[in-house]
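Chains as they are written, first to last, in the numbering used here: chain A, 180 to 655; chain B, 180 to 655.
Beneath this line is the structure, given in structure tokens, with notes to follow.
Protein chains: 2
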Amino acid sequence: MTRYQHLAALLQQRIEHGLYQCGERLPSVRALSEEHGVSLSTVQQAYHLLEARRLIIPQPRSGYYVAPRKATPPMPGLTRPAQRPVEISQWESVLELFNNCPENSEFNFGGGSPDIDQSSLAPLWKSLTRLCQRQDPRVMSYGNMFGAAELREQVARLTLDSGCRLTEDDIVITTGCQEALFTAIRAVCQPGDIVAVESPTFPGTMQILRGLGIKAIEIPTCAVTGISLDALELALEQWPVKAVLMVPTCNNPLGFTMPDKYKKALIVLAQRFDLAIIEDDAYGELAYEYPRPRTIKSFDEDGRVLLCSSFSKSIAPGLRVGWIAPGRYLERVLHTKYISTGYTVTHTQLAVAEFIRQGDYQPHLRRMRMQYKSNLEVFTCWVRHYFPSEICVSRPQGGFLVWIELPESFDTLRLNREVSAAGIKIAAGSLFSASGKYRNCLRLNYARPFTEEVEKGLRLLGESASRLLEEATTAK
Amino acid sequence: MTRYQHLAALLQQRIEHGLYQCGERLPSVRALSEEHGVSLSTVQQAYHLLEARRLIIPQPRSGYYVAPRKATPPMPGLTRPAQRPVEISQWESVLELFNNCPENSEFNFGGGSPDIDQSSLAPLWKSLTRLCQRQDPRVMSYGNMFGAAELREQVARLTLDSGCRLTEDDIVITTGCQEALFTAIRAVCQPGDIVAVESPTFPGTMQILRGLGIKAIEIPTCAVTGISLDALELALEQWPVKAVLMVPTCNNPLGFTMPDKYKKALIVLAQRFDLAIIEDDAYGELAYEYPRPRTIKSFDEDGRVLLCSSFSKSIAPGLRVGWIAPGRYLERVLHTKYISTGYTVTHTQLAVAEFIRQGDYQPHLRRMRMQYKSNLEVFTCWVRHYFPSEICVSRPQGGFLVWIELPESFDTLRLNREVSAAGIKIAAGSLFSASGKYRNCLRLNYARPFTEEVEKGLRLLGESASRLLEEATTAK
């Protein structure tokens, strides 16, 4: 922690403990500088940070004042989806999301992109450049259908951190996590089958189910501990469910990490009902806690867990490098990969392998985890500041996605249409349900460093949301 | 044509017209040099070329002699597959092909890789390097689900050469041609449907049908003009066929190009039976004739043709850049792409777009066409020289794949097992049939420049084939 962050933390504590009261004028920069024996600019930086966190307000030519306090918004409660198998709708809305918004929109809170603008990626850029500069023939060749051996070796080593014991032969490289999930679902399901999912669920997965003619049964999910195992068990007793599909670590979109004992209990349940478990760990490496949480796969005893992941969130999505450890379903996964794309691009595979092998991946991960964690704090402050006070907000355990719930009457599709005209991109909540629930919710991306632009976007968004909520309430 | 190629052509003509008889001694290097007013080394080069073509034989310290003539081997006749819908087998053999042979085998005649070792690719390497060197953020980003706009624009322009009038909005970039074919087949078929295919057919396509639970009806196909339209019509009258799937230009594996009038007639047939046509044009740009043949798509009137292609054969497969112009099936293709991979890697898309825009693609194509055409001549000579005399050999109109048919009793799977121990990779004929036909056939790749190594590989292969054939004949 730098000096100014330390000072900011101290002042924040005083404000939270009521030593400085709401509306009270804070000590001058000079006074604080003398009190703590730090430079004037250190005090300035600390004040800027507290200002960014909405804890203090500057008054021109007068100094800083303690801001009116808002309570931390509550977390969303247990979700209550319809607990019967349904066919998935919502493709039109997904398509609209892709079509309607400018790709490089200034206010892109909608997508799932990490911050790719980090100097810790410099060694990766160097590897990419070097491979092309020396005209490495592998860049132009088909390579191996399983994926580059050097990358599979590194991936196998990485999975040790999540408690797995895999070798390179257990791993197939895929075109992003999307292909991993697609091959996994095709490996364990037939059209007409039923798959249990967390609710809300990532739209990319839901659309796979739709595309393959598979029904989803949405299970109530808690924003702290994940899928309700009781509700899941009830569903399993009632319906012939083939697989459970989940993002149990740094969940997208709710941000929870399922506790280990729940992960273990899920394995027992899966054994009892002979289910496959498709585990999407795309955000797992970005958990704020250290060491990172274990995967469900690490508790797997009989190869029934298909672990899917990628470097799209932890490094960059444009690389299109994902992977799957499909357990007993290896050959079926391989067949789907062969028929759907054949091979994954070699160039980025080789560069990522080198990035990990040279020891540059872990420092990058540490940096990103810290950035996302600190962004979350500021972002939540701003959301609390600009959004209607009736919201619930998730408290992510990792990654860079936050889930906001507004009152039942609210319509985020309307909000989406309104703000997209101003170049603001959001992910409407209904995309995350098989049956069009969560119309009153939205998911926002807080990956990028917080700037005035980000704040402006959130302000516009919050203002629109407040106005629409007021209209909705008046209309009632 | 260079001076020595010119001289070689002249001498070859004289040999073929019988001016120099079989076994006759040819003029000395000095004499020819004087006769034609060219340097000694030019004559030497011309003789080496004729030697490579097996037309003349050197005798140490004596000179060159006209080689004993073998007749050009006949072409394979019309194929005779079982004309009823069948389920596709053969996945195990495909897998074996991938597992059993060293990737960078010295004698790789089995795969579908072009020659990627050309200086005409230098500008592409430069683009790839530059994008990484300047850390272009697009390389790391998701980009556009349809594919990079600059590439779709260039692809649309390229399709003008095959008679199409497409805009960038008609085109979706895919992860190789394989993803184009996969999305196309999923767009027009359901499990249980029947698709008509040429026979033999590329295994990558056949496995898509297998994976999607679609039956294939193999239609008799001629090595000169392609699929038999009469046989196809009969099949359409008899079975509820949903689509025809074909490689009508520079066919893989038979090498034919379907004449325009047949392509037109096919459109009429498709309209009459309301069929979709899935046209695989992956080798179309490598046609030896200029201008390149038209696509079936260019005769399409109502969007029923899904044109699939890639830069895997015309540039390099490792790029994983393919595309599809799906006509009226655009939205369904897009859905499959979204669920199976989401996005295609951006880096290589941008580099290929620049390669085309800067005018470097056409010279590269011209060079490759010439190389493959001239390779074919030598390769065929060697095949004729080393293989049993009972073979039939295709005469490809483009690309770099030749189809060899041995007598009925021959078993190329046995040949494959035998030569793979020596590091020789071939594509056994049975991979190209839904029902395990063509066990007596094989496909060879002649993309790489002809070297002593290539000749050695072919010699080993031919010797094995001869021995196995003899055994088979004796056993009878």
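We put the beta carbon where it would ideally sit given N, CA and C, even for glycine.
As the structure is a computational prediction, the values presented were derived from the model and not from experiment.
field: CA-to-CA distance, ALA613 of chain B to ARG593 of chain B, given in whole angstroms
entry: Along the second sequence, one-based indexing puts residue 593 of chain B at 414. Along the second sequence, one-based indexing puts residue 613 of chain B at 434. When rounded, the distance between both Cα atoms is 19 Å.
Quiz item: Can a CB atom of chain A be found closer than 7 Å to the CB of GLY355 of chain B?
Solution: Here residue 355 of chain B is taken as the residue at index 176 of the second sequence, counted from 1. Closer than 7 Å: yes.
**Item:** ILE364 of chain A - containing alpha helix (DSSP H), residue span
**Value:** On the first sequence, residue 364 of chain A is found 185 positions in, with the first residue counted as 1. Membership of ILE364 of chain A in the alpha helix (DSSP H) is indicated by the continuous run 355-367.
Whole angstroms are fine: how far does the CA of ASP459 of chain B sit from the CA of ALA422 of chain B? Within the second sequence, numbered from 1, the residue matching residue 422 of chain B stands at position 243. Within the second sequence, numbered from 1, the residue matching residue 459 of chain B stands at position 280. Going by the C-alpha atoms only, they are around 13 Å apart.
In terms of alpha-carbon separation, which member of B:CYS201, B:GLN386, B:GLU587 lies closest to TYR617 of chain B?
-> Here residue 617 of chain B corresponds to residue number 438 of the second sequence, with the count starting at 1. When each option's Cα is compared against that of TYR617 of chain B, the closest is B:GLU587.
Inter-stretch contact at 8 Å, needing at least 3 Cβ pairs: the stretch 441-453 of chain B / the stretch 319-338 of chain B:
Not touching, per the Cβ criterion.
Exercise. So, THR404 of chain A versus PRO438 of chain A, is the Cβ gap smaller than 7 Å?
Worked result: One-based indexing of the first sequence puts residue 404 of chain A at position 225. One-based indexing of the first sequence puts residue 438 of chain A at position 259. If you check the CB distance, THR404 of chain A and PRO438 of chain A come in under 7 Å.
- prompt: For the stretch 517-529 of chain A, which residues have a CB atom closer than 9 Å to at least one CB atom of chain B, in sequence order?
  reply: Hits within the stretch, in order: TYR517, ILE518, SER519, THR520, GLY521, TYR522, THR523, VAL524, THR525, HIS526, THR527.
For this session: Show which residues of chain B have a CB atom less than 7 Å away from the CB atom of TRP270 of chain A.
Result: Translated into the one-based positions of the first sequence, residue 270 of chain A becomes position 91. At a C-beta separation below 7 Å, TRP270 of chain A has these neighbours in chain B: HIS514.
**Asked** From the beta carbon of PRO427 of chain A, is the nearest beta carbon of chain B less than 7 Å away?
**Response** As a position in the first sequence, residue 427 of chain A is number 248, starting the count at 1. Answer no: the Cβ-Cβ gap between PRO427 of chain A and chain B never drops below 7 Å.
### Query
Does any C-beta atom of chain A lie closer than 7 Å to the C-beta of THR221 of chain B?
Numbered from 1 along the second sequence, position 42 holds the residue referred to as residue 221 of chain B. For THR221 of chain B, the closest Cβ of chain A is not nearer than 7 Å.
- Message: Which same chain residues end up closer than 7 Å to ILE570 of chain B when comparing Cβ atoms and leaving out the 5 residues on each side of it in sequence?
- Response: Looking up residue 570 of chain B in the second sequence gives position 391. The answer, listed in chain order, is PRO252, ILE583, GLU584, LEU585.
message = Short of 8 Å Cβ to Cβ, which residues in the stretch 302-317 of chain A face chain B?
response = Per Cβ criterion, the list reads TRP304, LEU307, THR308, CYS311, GLN312, GLN314, PRO316, ARG317.
Requested in this report: Note down the Cα distance separating ASP294 of chain B from PHE629 of chain A, rounded to an integer number of angstroms.
Outcome: Within the second sequence, numbered from 1, the residue matching residue 294 of chain B stands at position 115. Within the first sequence, numbered from 1, the residue matching residue 629 of chain A stands at position 450. Distance between ASP294 of chain B and PHE629 of chain A, taken at the CA atoms: about 49 Å.
**Request:** Measure from the alpha carbon of GLU133 of chain B to the alpha carbon of each residue in B:ASN619, B:GLN238, B:ARG622, then state which is nearest.
**Result:** Summary: the structure shown does not reach residue 133 of chain B, with chain B confined to residues 180 through 655, and so no result is reported for it.
| Are the C-beta of PRO382 of chain B and some C-beta of chain A separated by less than 7 Å? | Here residue 382 of chain B corresponds to residue number 203 of the second sequence, with the count starting at 1. Closer than 7 Å: no.
Worksheet item: CB-CB under 7 Å to VAL273 of chain B, same chain, minus the five flanking residues each way: which ones, in chain order?
Response: On the second sequence, position 94 is the one that residue 273 of chain B refers to. By the criterion of a C-beta distance shorter than 7 Å, VAL273 of chain B is surrounded in its chain by PRO382, GLN386, LEU610, once the five residues flanking it on both sides are discounted.
Quiz item: Are the beta-carbon atoms of LEU424 of chain B and VAL374 of chain B separated by less than 7 Å?
Solution: Start at 1 with the first residue of the second sequence, and residue 424 of chain B comes out as number 245. Start at 1 with the first residue of the second sequence, and residue 374 of chain B comes out as number 195. If you check the CB distance, LEU424 of chain B and VAL374 of chain B come in under 7 Å.
Item to check | Supposed close pair VAL581 of chain B, MET254 of chain B - CB separation, criterion 8 Å | outcome: In the second sequence, the residue the question calls residue 581 of chain B occupies position 402. In the second sequence, the residue the question calls residue 254 of chain B occupies position 75. About 11 Å separates the Cβ atoms of VAL581 of chain B and MET254 of chain B, ruling out a contact at the 8 Å cut-off.
| said: Buried or exposed, going by whether 16 or more other CB atoms sit within 10 Å of the CB of HIS543 of chain A? | reply: The residue given as residue 543 of chain A occupies position 364 in the first sequence. Classification for HIS543 of chain A: buried.
Point to revise | Runs of alpha helix (DSSP H) lying entirely within the stretch 439-474 of chain B, each at least 4 residues, in chain order | key: DSSP runs (the alpha helix (DSSP H)) wholly in the stretch 439-474 of chain B: 439-451.
*At least three beta-carbon pairs within less than 8 Å, the stretch 472-484 of chain B to the stretch 291-310 of chain A*: The answer is no - the stretch 291-310 of chain A does not touch the stretch 472-484 of chain B, with fewer than three Cβ pairs under 8 Å.
### Message
Beta-carbon within less than 8 Å of GLN262 of chain B's beta-carbon, same chain only, minus the 5 sequence neighbours each way: which residues are those?
### Response
Along the second sequence, read from residue 1 onward, the residue named residue 262 of chain B stands at position 83. Result list for GLN262 of chain B: ILE396, GLU397, ILE398, PRO399, ALA410, LEU413, ALA414, in chain order.
* Asked: Within 7 Å (strictly less), CB to CB, does SER298 of chain B reach chain A?
  -> Sequence index remark: in the second sequence, residue 298 of chain B carries index 119 (1-based). No, its Cβ sits nowhere closer than 7 Å to a Cβ of chain A.
Requested in this report: Taking a Cβ distance cut-off of 8 Å, strictly less, list which residues of the stretch 592-618 of chain A are near chain B, in chain order.
Outcome: Correct list: empty, as no residue qualifies.
For THR426 of chain A, three-class secondary structure by DSSP
By one-based count along the first sequence, residue 426 of chain A stands at place 247. Note on identity: in this sequence residue 426 of chain A is Val, with Thr being the wrong assignment. VAL426 of chain A: coil per DSSP, three-state reduction.
*asked:* Tell me the rounded alpha-carbon separation between TYR243 of chain A and LEU234 of chain A.
replied: As a first step, residue 243 of chain A must be located in the first sequence, where it is residue number 64. As a first step, residue 234 of chain A must be located in the first sequence, where it is residue number 55. TYR243 of chain A and LEU234 of chain A have their C-alpha atoms roughly 10 Å apart.
Which word fits GLN528 of chain B, buried or exposed, when buried means at least 16 other C-beta atoms lie within 10 angstroms of its C-beta?
Locating residue 528 of chain B in the second sequence gives position 349, counting from the first residue. Buried, by the Cβ-count rule.
Does the beta carbon of GLN386 of chain B sit closer than 7 Å to a beta carbon anywhere in chain A?
The residue given as residue 386 of chain B occupies position 207 in the second sequence. Look at GLN386 of chain B: its C-beta is under 7 Å from a C-beta on chain A.
- Message: Can you tell me whether GLU533 of chain B is helix, strand or coil according to DSSP?
- Response: Your numbering for residue 533 of chain B matches position 354 in the second sequence. GLU533 of chain B: helix per DSSP, three-state reduction.
Opposing strand residues paired with TRP304 of chain B [DSSP bridges]:
On the second sequence, position 125 is the one that residue 304 of chain B refers to. DSSP links TRP304 of chain B through a beta bridge to no other residue.
*Starting from the beta carbon of SER292 of chain A, find every residue of chain B whose beta carbon is closer than 8 Å, and list them in chain order.*
Position 113 of the first sequence holds residue 292 of chain A. The CB of SER292 of chain A comes closer than 8 Å to the CB of SER320, TYR321 in chain B, given here in chain order.
(Q) Quick test of the definition: if touching needs 3 or more C-beta pairs under 8 Å, does the stretch 633-643 of chain B touch the stretch 554-563 of chain B? (A) The stretch 633-643 of chain B vs the stretch 554-563 of chain B: in contact.
- Between GLU358 of chain A and chain B, is there a C-beta pair that is closer than 7 Å? Locating residue 358 of chain A in the first sequence gives position 179, counting from the first residue. Taking Cβ atoms only, chain B reaches closer than 7 Å to GLU358 of chain A, which makes this a yes.
- Item | Continuous alpha helix (DSSP H) assignments of at least 4 residues falling wholly in the stretch 605-635 of chain A | Entirely contained in the stretch 605-635 of chain A, not one alpha helix (DSSP H) run reaches 4 residues.
Give me the subset of the stretch 429-456 of chain B whose CB atoms are less than 7 Å from a CB atom of chain A, sorted by chain position. Going along the stretch 429-456 of chain B in chain order, one finds no residue with a Cβ nearer than 7 Å to chain A.
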